[in-house]
Each structure stands twice: as C-alpha cells, then as structure tokens.
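Worksheet: one structure, shown below.
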Amino acid sequence: MPETEEKLEEKKVEDIKPPAAKSKFNTKILLFGIPVFMLQLILVYFITANILIKKIESHDGITPDKNVKNTKVKNTKEKSPVVLGKYIYSISDLIVNPADTDGKRLLLTTVGFDIPTADMETELKTREAMVKDVVITTLSSKDITELANTAFRDTLKTEITGKLKKIIPDVTINNVYFSKYIIQ
C-alpha cells in the first residue's frame with residue numbers, strides 16, 4: 044500500500060502545477076482591430092469633409108434666389124487698401140537694460156513703425172521723445188528670458204502698439220518691426 048500512496052502523491056503534485064501564463068498580447072487586435080479602426084477614421088473624415096461641411100455651407104441662413112442678381116452693397120466710407128511698408132518711421136539703436144539684470148545685460152534694438160500716411164510719420168517725428176519713452180519703458184520692464192524668447196516678440200509689438208495708441212490716438216500703426224535685436 045505504501046506504493047500506491049506514493050503514486051497518488053506524485054499525481055497530486057503533477058495536478059497542482061500552475062497553469063501556463065497567458066500572453067497579454069492578443070493578435071486578433073493587431074489583425075482585425077487596427078484595420079477596422081483605421082477604416083472608421085477614414086470613413087468619418089470623408090463623411091465630415093464631403094457631406095457635413097457642404098450642408099453647413101449651404102445652410103448659412105441665406106439661400107440665393109436665381110432670379111435676383113447678386114449685387115455688392117457699397118459702404119458709404121470706402122477704405123483704401125492698406126499698403127504695408129510705404130511709410131516706416133524708424134528709431135535707431137536704442138539701448139535698454141532689461142529688468143532684473145542690474146545693468147549687466149543690454150538689449151540693442153532698432154524699431155520701425157509701419158504707418159499708413161506721411162502725415163502720421165511727421166506726427167511721430169514731432170513726438171519722438173514720447174515714442175522712444177514708450178519703447179524703452181516697455182522693453183526695460185521685461186526680463187531677459189522674455190526678451191530672448193522669439194515667440195514673445197509678437198506680444199512686445201502688440202504691447203508697444205497699444206501703449207502708443209493711448210498716448211497718440213490719432214496715429215494708426217499697422218505693424219511694428221524690430222530690424223535690429225541684439226541681447227548682450
């Protein structure tokens with residue numbers, strides 16, 4: 044009888060073995076799921092681009108009548124097209140100490156203001172001290188990290204334009220250009 048008990052114990056030990064670990068990666072997802080997902084993306088794109096956008100464009104609130112001719116409504120004040128770069132007022136070689144540098148760092152810049160008429164250019168020339176003060180004050184209030192960031196320059200341009208608009212409201216500034224911008 045001892046032999047049978049040993050055989051039973053061997054069988055029990057063999058039966059107790061842990062099952063083989065299943066792989067977490069399912070090949071069905073790779074074979075079927077990804078292509079189906081891509082097909083759905085393409086289908087949604089074409090439905091949106093070809094059907095929905097055309098419906099939105101056609102339902103803009105006004106449906107054209109075939110018997111009525113399209114006429115443009117003329118403004119009483121027709122604006123002349125803005126010509127950029129025709130009149131540029133420039134302030135050369137401004138040296139500014141940026142904020143929090145204790146005078147150890149400098150910004151050398153030349154600023155150009157694009158304006159629509161020659162009259163506005165003469166107006167800026169007569170108020171040159173005010174214009175320089177606005178530019179220097181704006182630039183010196185920024186720290187080195189802001190001034191060195193090229194993406195921040197558009198913000199600087201907008202800020203300078205806004206401050207000049209407050210001081211000289213009769214001058215329209217189309218754009219501000221930095222033709223020289225050196226940080227040392």
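Per our numbering, residue 44 is the first one in the sequence shown, and the count goes up by one each step.
All C-beta atoms in this analysis are idealised placements derived from N, C-alpha and C, irrespective of residue type, glycine included.
Check: Select from 225, 161, 87, 222 the residue whose C-alpha is nearest the C-alpha of residue 216.; Outcome: 161
Check: Between the stretch 187-200 and the stretch 161-176, do three or more beta carbon pairs fall short of 8 Å?; Outcome: no
Check: Does residue 209 pass the burial test, meaning 16 or more other C-beta atoms within 10 Å, or should it be called exposed?; Outcome: exposed
Check: Assuming residue 180 is part of the alpha helix (DSSP H), what are its boundary residues?; Outcome: 171-183
Check: Can you tell me which of the three DSSP states residue 151 falls into?; Outcome: strand
Check: Which of the three DSSP states, helix, strand or coil, is assigned to residue 111?; Outcome: Its pLDDT being 47, under 50, residue 111 is placed unreliably in this model, and the value from its coordinates should be taken loosely. It is coil, neither helix nor strand.
Check: Are the C-beta atoms of residue 147 and some chain D residue less than 7 Å apart?; Outcome: Absent from the structure is chain D; it holds one protein chain and no more.
Check: Report all residues from its chain with a CB closer than 8 Å to the CB of residue 127; omit the five preceding and five following residues, and keep chain order.; Outcome: 157, 217, 218
Check: Taking the beta carbon of residue 173 as the centre, do at least 16 other beta carbons fall within 10 Å, making it buried, or is it exposed?; Outcome: exposed
Check: Hey, residue 140 and residue 183 are a contact pair by Cβ (cut 8 Å); roughly how many whole angstroms apart?; Outcome: 6 Å
Check: Identify, in the order they occur along the chain, each residue of the same chain with its Cβ nearer than 7 Å to the Cβ of residue 144, setting aside the five sequence neighbours on each side.; Outcome: 187
Check: Got a sec? Which residues, its chain only, sit under 6 Å from residue 225 by beta carbon, not counting five neighbours each side?; Outcome: 151
Check: Could you tell me which residues DSSP puts in a beta bridge with residue 133?; Outcome: 155
Check: Who are residue 69's beta bridge partners in DSSP?; Outcome: Bridge partners of residue 69: none, in fact.
Check: Once you ignore the five residues that flank residue 133 on each side, which residues in its own chain have a CB closer than 8 Å to its CB?; Outcome: 153, 154, 155, 156, 222
Check: Excluding the 5 residues preceding and the 5 following residue 171 in the sequence, name in chain order all residues of the same chain whose CB lies nearer than 8 Å to its CB.; Outcome: 134
Check: Can you grab the Cα-Cα spacing for the pair residue 207 / residue 191, in whole Å?; Outcome: 23 Å
Check: Candidates 86, 74, 163, 212: which alpha carbon is nearest residue 236's?; Outcome: Residue 236 lies beyond the range of the chain shown here (44 to 227); nothing can be said about it.
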